[in-house]
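Positions 34 to 516 (this note's numbering) are the ones given, in order, by the sequence shown.
C-beta: ideal position from N, C-alpha, C; glycine also.
A short write-up of the structure that comes next.
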Amino acid sequence: MNLLQLIVTSGCSNMTDEDQKRNVRRVNFVCAITALMSILFGMFCYILTGEIRIYLPFIILTCLILIIYLYVKKAELLQRQEMKLLENKLYAAEKHNEELQCLAEQLERATNAKSVFVRETSHEIRTPLNAIFGISQLLQLKVEQHKSLAPIRMLADHLYAASYNTKEIINNILEFSKIEAGKLDKPEMCNLDIREWIRETVNMHQYVAAIKNVKIKYTIDNEIPGQITGDRILLTKTINNLLSNAIKFTSKESTVTLRVFTSDNKWYIQVTDQGAGIPENKLRTIFDAFFTERNIFLEGTGLGLHITHKLVESLQGEIEVSSIIGKGTTFTVMLPLVISRDTNHTEVDNEDLCANLNDTTILIVEDDKMSQLVLSRFLCGLGCRIMLAEDGLEGLLLAKASRPDIIILDSHIPGMSGKEMLTYIREDAMLKNIPVIIASGDPFKEASEELLKAGANEYLIKPIEFKRLHITLSKYLQGIAHS
34 MNLLQLIVTS GCSNMTDEDQ KRNVRRVNFV CAITALMSIL FGMFCYILTG
84 EIRIYLPFII LTCLILIIYL YVKKAELLQR QEMKLLENKL YAAEKHNEEL
134 QCLAEQLERA TNAKSVFVRE TSHEIRTPLN AIFGISQLLQ LKVEQHKSLA
184 PIRMLADHLY AASYNTKEII NNILEFSKIE AGKLDKPEMC NLDIREWIRE
234 TVNMHQYVAA IKNVKIKYTI DNEIPGQITG DRILLTKTIN NLLSNAIKFT
284 SKESTVTLRV FTSDNKWYIQ VTDQGAGIPE NKLRTIFDAF FTERNIFLEG
334 TGLGLHITHK LVESLQGEIE VSSIIGKGTT FTVMLPLVIS RDTNHTEVDN
384 EDLCANLNDT TILIVEDDKM SQLVLSRFLC GLGCRIMLAE DGLEGLLLAK
434 ASRPDIIILD SHIPGMSGKE MLTYIREDAM LKNIPVIIAS GDPFKEASEE
484 LLKAGANEYL IKPIEFKRLH ITLSKYLQGI AHS
């Protein structure tokens, strides 16, 4: 603020810009009149007395007034320039903010569109993959039951391994989209029997490893407690990625070793392969997204280790890697050890959970013909009676007419959604107590939570592992199935 503004605004804190300009003009007018009167008065005195000395003070006063006037004018000019500059900056800032807002809206629309695309594409891929994965499991069951089919065992195992790997790739893409959106699932702790969990998880990878004549060996130290507290889903995703990575990069006819041990109030998962190893300069970036340079002869999405790193972080843990060229690579996950307080709880071995399902009536509501065929073939092999429906209305009519022991319901069916059908079932006095298992190609947590809240007993994600389905059915049919 300049001198003139200080003069004209003194004691007037609420003065507007227009009032300030008006007062400045008044001061300018007063300065001009004062200077003119000083000159005229000095001339008048000189005429009367003839002495220049009398006129000199008026000349000095006039000069001072002119100096003040020029200063005021200069201050006004500088103020206008500053105001103009400020207005330009303000305009530029507003324009920049508008552009940022526009970009933010575009980014949000793009992110939403990508999420919708990934979600819908995942469902569309999982439906045919469910059929392929199911066929591979049916073939494996047939080979085990009939020795004459032994020549096709390798084909069945290859088909299973290929479909299993495809499932893992899809899962990783979805997991990565969650990480990008900042929506990675938060840990949900539960009691976990480490030995049962490790055995089950390793068995899932044995078929895939067998394709390369790779063996998976695992050891669990005696110091590991029977049960700990952990998130089974996130831990399973972590170990799946590490085992898949090890099987992929280990040499043919080699061994992948998994070790679980404890030290200093932590427990460790260590996976070692016998591959070519990783150069030192690559280890620093191995957990970055899209890292695929371990082996130029093997391709992949490059997401598995990046996702594993994020999952371990969400579990308040750490992951390290060490490698020796020509000998192999070791990944070590370190997690806080929290021993389960529920000492009375003992998990039953999953194989013991597979009940006899002879004469159990199961209604399958599924619009995909191939998925219908594969699922019904498997369940018929367990001795179940199967009813099929392609939409929700047909499913409700069959359920009311036959009252099945259990219902397997696809979440995306024509005419009536899975949630709507589930709501009708839970509101119907005759049907409300029938267990309902959702079989869905939608792997997002909010989808499962919505249907479980609506009354579903279980939520299985396609492609479905038949052993897991058998265990789930047994869980709800122990008192129904006829032995």
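For residue i and residue j, what's the separation of their Cα atoms in angstroms?
i	j	result
Glu-332	Asn-274	Reliability of the predicted coordinates at Glu-332 is poor, the pLDDT of 44 falling under 50, and no value is obtained from them.
Phe-330	Ala-137	Residue placement at Phe-330 cannot be trusted, given a pLDDT of 35 that sits under 50; what the coordinates show is reported in the next sentence. Their backbone Cα atoms lie some 40 Å apart in a straight line.
His-503	Pro-312	45 Å
Met-454	Lys-465	11 Å
Thr-295	Lys-248	24 Å
Lys-299	Pro-369	5 Å
Thr-505	Lys-219	24 Å
Ala-108	His-129	31 Å
Asp-190	Ala-432	37 Å
Ser-356	His-339	17 Å
Leu-336	Phe-320	8 Å
Ile-231	Lys-180	30 Å
Arg-317	Ile-280	22 Å
Cys-135	Glu-127	12 Å
Thr-341	Leu-133	34 Å
Arg-113	Ala-125	18 Å
Gln-178	Pro-184	13 Å
Lys-390	Ser-409	Before going further, note that residue 390 is Leu rather than Lys in the sequence given. Going by the C-alpha atoms only, they are around 13 Å apart.
Compute the distance between the beta-carbons of residue i and residue j, then report whether it is under 8 Å.
i	j	result
Met-463	Leu-426	no
Ile-227	Ile-372	no
Ile-212	Lys-343	yes
Asn-519	Ser-444	Examination of residue 519 is not possible in this model, given that the chain is present from 34 through 516 alone.
Tyr-240	Leu-291	no
Val-366	Tyr-301	yes
Gly-310	Lys-360	yes
Ile-257	Val-289	no
Gly-263	Leu-225	yes
Lys-285	Asn-246	yes
Phe-411	Gly-167	yes
Asp-392	Gly-428	no
Shortest alpha-carbon distance to residue i belongs to which of the options?
i	options	result
Arg-265	Asp-254, Glu-229, Gln-405	Glu-229
Gln-307	Thr-362, Leu-336, Leu-267	Thr-362
Ile-203	Glu-138, Ile-311, Ser-155	Ser-155
Glu-201	Ser-296, Glu-120, Cys-387, Ile-497	Ile-497
Ser-277	Ser-356, Ala-195, Ile-357	Ala-195
Met-237	Pro-258, Leu-390, Ile-272, Lys-219	Ile-272
Thr-456	Ala-487, Ala-432, Ile-440, Asn-466	Ala-487
His-423	Ile-446, Leu-412, Ala-432	A quick correction: the sequence has Glu, not His, at residue 423. Here the closest residue by C-alpha is Ile-446.
Gly-215	Leu-510, Lys-508, Ser-148	Ser-148
Asp-400	Glu-483, Thr-160, Asn-205, Thr-341	Thr-160
Glu-597	Asp-190, Leu-207, Ala-189, Thr-269	The shown model of the chain, from 34 to 516, leaves out residue 597, and the question about it has no answer.
Ser-287	Leu-119, Ile-244, Arg-142, Ile-458	Ile-244
Ile-467	Leu-396, Ser-481, Glu-482	Leu-396
Asn-205	Asn-490, Gln-178, Ala-322	Ala-322
Leu-267	Leu-348, Lys-122, Arg-142	Leu-348
Val-151	Glu-208, Ala-242, Gly-416	Glu-208
Asp-461	Leu-430, Glu-479, Leu-485	Leu-430
For residue i, which residues in the same chain have their Cβ closer than 7 Å to its Cβ, ignoring the five residues on either side in sequence?
i	result
Ile-520	The question about residue 520 has no answer here: the residues shown for the chain are numbered 34 through 516.
Tyr-193	Ser-169, Gln-170, Gln-173, Tyr-240
Ala-388	Ser-507, Leu-510, Gln-511, Ala-514
Lys-500	none
Arg-186	Val-176
Val-345	Thr-271, Glu-351, Ile-352, Val-366
Val-407	Ala-164, Gly-167, Ile-168, Leu-171
Ser-524	Any property of residue 524 remains undetermined from this structure, which presents the chain solely from 34 to 516.
Ile-253	Ile-227, Arg-228, Ile-231, Val-293
Can you find the residues in the same chain that come closer than 6 Å, C-beta to C-beta, to residue i, ignoring five residues on each side of it along the sequence?
i	result
Thr-394	Arg-418, Pro-437, Asp-438
Leu-442	Val-398, Gly-451, Val-469, Ile-471
Phe-364	Leu-275, Val-304, Val-354
Leu-39	With a pLDDT of 44 at Leu-39, under the threshold of 50, the modelled position of this residue cannot be trusted; read the value that follows with caution. Excluding positions up to five away in sequence, the list is empty.
Ala-146	none
If I measure Cβ to Cβ from residue i and keep anything under 8 Å in the same chain, skipping five residues before and after, which residues do I get?
i	result
Lys-435	Here the sequence assigns Ser to residue 435, which means Lys is not the residue at that position. Correct list, in chain order: Thr-394, Leu-396, Met-420.
Glu-157	Gly-474
Cys-223	Thr-262, Gly-263, Asp-264, Arg-265
Thr-283	Lys-245, Val-247, Val-289, Asp-306, Gln-307, Gly-308, Gly-361
Asn-198	Val-241, Ser-277
Glu-483	Lys-452
Continuous beta strand (DSSP E) assignments of at least 3 residues falling wholly in the segment 285-350:
288-296, 299-305
Beta strand (DSSP E) segments (min. 3 residues) lying fully within the segment 410-477:
Scanning the segment 410-477 from its first residue to its last, the whole beta strand (DSSP E) runs of 3-plus residues come out as 418-422, 439-443, 469-473.
Where in the segment 169-251 do unbroken runs of the alpha helix (DSSP H), each at least 4 residues long, occur, reported from the N-terminal end onward?
Inside the segment 169-251, DSSP marks whole alpha helix (DSSP H) runs of 4 or more residues at positions 186-213, 227-243, from first to last along the chain.
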